[in-house]
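Engineer: Numbering-wise, the sequence shown is residues 5 to 180 according to our numbering. C-beta: ideal position from N, C-alpha, C; glycine also. All values reported here derive from a predicted model rather than from experimental measurement. Structure provided below as structure tokens; questions to follow.
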Amino acid sequence: MRFSAMGKRTRIINDPSDLVPLLLAFGSEVHKRVFEELSSEWRTETELSSLLGDEKGVHRSLELLKTSGLVETKWKMPNPGESPEKEYHSSYSRIQANFVCTLEDLSELIYLTSMSDDELRETTEKIEYIVAKGNTSLSNLSRELDLSQAFIRGAAKRAESLAVRGQRIELSKEEV
5 MRFSAMGKRT RIINDPSDLV PLLLAFGSEV HKRVFEELSS EWRTETELSS
55 LLGDEKGVHR SLELLKTSGL VETKWKMPNP GESPEKEYHS SYSRIQANFV
105 CTLEDLSELI YLTSMSDDEL RETTEKIEYI VAKGNTSLSN LSRELDLSQA
155 FIRGAAKRAE SLAVRGQRIE LSKEEV
């Protein structure tokens with residue numbers, strides 16, 4: 005690995021559902037390479053796409069890293085006549101997990117991480133529909149969908165259209 009742990013912070017995870025975007029963020033060679041690049045220096049999405057040759061994969065990687073809270077952003081000062089562009093850099097070099105959960109919940113979260121987007125789409129759409137109607141309580145969603153709260157939290161953390169706010173699931177700001 006080219007990056008150094010010096011001067012970086014430790015990301016503390018207190019909720020087991022935070023593992024979902026984290027495991028997804030390192031679930032492919034492209035995601036891993038994006039993180040490595042961002043660990044060594046500030047990069048724009050365009051620069052990363054050029055380096056790795058996978059525009060869609062780089063975009064997804066950045067979304068996962070943002071969801072995981074593993075990157076920070078700043079605006080790159082453009083040359084005269086150019087538009088400003090966001091630059092990304094890794095925020096953390098270490099993880100500390102500090103939670104207790106049942107093995108059943110952990111197995112659901114790991115299973116959720118391995119599901120394809122197509123396999124998860126129907127469940128995510130059901131959650132979005134119910135939340136859009138005003139039912140945002142995690143316990144109510146769990147009863148109505150007959151899914152565990154851990155699974156719903158993990159699915160919401162994986163979906164770009166949903167956000168977890170304490171014991172509520174909401175539509176993300178981009179979707180409202």
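Helix or strand or just coil, what does DSSP make of V62?
Structural biologist: V62 falls in the helix class under three-state DSSP.
Engineer: What do you reckon, are the CB atoms on Y92 and R162 nearer than 8 Å?
Structural biologist: Their beta carbons are not under 8 Å apart, which means Y92 does not touch R162 by this criterion.
Engineer: Which residues in the same chain as H35 place their Cβ atom closer than 6 Å to its Cβ, once the five residues preceding and following it in sequence are excluded?
Structural biologist: Correct list, in chain order: A29, S65.
Engineer: Starting from the Cα of E32, find the closest Cα among D19, S43, L68 and give me that residue.
Structural biologist: It should be noted that the sequence gives Ser, not Glu, for residue 32. It is L68.
Engineer: With DSSP as the reference, identify every bridge partner of S141, one or two as the case may be.
Structural biologist: DSSP lists R172 as partners of S141.
Engineer: In chain order, what residues of the same chain have a beta carbon less than 8 Å from the beta carbon of E45, not counting five sequence neighbours either side?
Structural biologist: Hits under 8 Å: H93.
Engineer: Hey, how far is the Cα of P88 from the Cα of E51?
Structural biologist: About 14 Å.
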